[in-house]
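Participant: Residue numbers (this note's numbering): 41 to 163.
The beta carbon of each residue, even a glycine, is placed where N, CA and C say it ideally should be.
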């Protein structure tokens, strides 16, 4: 087995996020992918697709800062510029099994996003 499989998938994943290529993100993911983030947990490719669709609409630029990993686990760190928050340093701990992304723990400071959401007036 390839001892850098998770590292290779992590590179493809973060590059797809940067390119706003949601179809590529989904193609790298297991059917029952699990994503944990400050906004909650979701499971399955349709919910993961919706999560990344929303993120793609919000982000304006993503700069990859680091990607480390091995066979079953990898970490990506990036700085994302979004419409509501100018810079959000984000880390994701990715788990890979049988060549597919099976889970990601998305770590970022949600405080500036919550402040932005609180400032928006309902329609």
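Report the residue from 149, 114, 113 and 140 whose alpha carbon sits nearest the alpha carbon of residue 128.
Facilitator: Along the chain shown, one-based indexing puts residue 128 at 88. Closest option to residue 128, Cα to Cα, is 149.
Participant: Around the C-beta of residue 123, are 16 or more other C-beta atoms found within 10 angstroms, so that it is buried, or is it exposed?
Facilitator: Here the question's residue 123 lines up with position 83 in the chain shown. Exposed, by the Cβ-count rule.
Participant: The alpha helix (DSSP H) with residue 156 in it runs from where to where?
Facilitator: Position 116 of the chain shown, counting from 1, holds the residue named residue 156. 151-159 is the span of the alpha helix (DSSP H), which, as asked, contains residue 156.
Participant: Which word fits residue 143, buried or exposed, when buried means at least 16 other C-beta atoms lie within 10 angstroms of its C-beta?
Facilitator: Numbered from 1 along the chain shown, position 103 holds the residue referred to as residue 143. When all chains shown are included, residue 143 counts as buried.
Participant: Should residue 82 and residue 75 be called a contact, given that it needs their Cβ atoms to be closer than 7 Å?
Facilitator: Here residue 82 is taken as the residue at index 42 of the chain shown, counted from 1. Here residue 75 is taken as the residue at index 35 of the chain shown, counted from 1. In contact: residue 82 and residue 75 (Cβ atoms closer than 7 Å).
Participant: What is the DSSP secondary structure of residue 85, counted as helix, strand or coil?
Facilitator: Here residue 85 corresponds to residue number 45 of the chain shown, with the count starting at 1. Correct three-state label for residue 85: helix.
Participant: Between which residues of its own chain and residue 61 is the CB-CB distance below 7 Å, once the five residues before and five after are set aside?
Facilitator: In the chain shown, counting from the first residue as 1, residue 61 sits at position 21. Contacts found: none.
Participant: Span of the beta strand (DSSP E) holding residue 116?
Facilitator: The count along the chain shown starts at 1 and reaches residue 116 at position 76. Run containing residue 116: 113-122, per the beta strand (DSSP E) assignment.
Participant: Mind pulling the alpha helix (DSSP H) runs of 4 or more residues that sit fully within the segment 45-80?
Facilitator: The segment 45-80 contains these whole alpha helix (DSSP H) runs: 45-58 and 62-67.
Participant: Nearest to residue 85 by CA position, among 65, 155 and 120, is which residue?
Facilitator: Within the chain shown, residue 85 is the residue found at index 45, counting from 1. Of the listed residues, the one whose Cα sits closest to residue 85 is 65.
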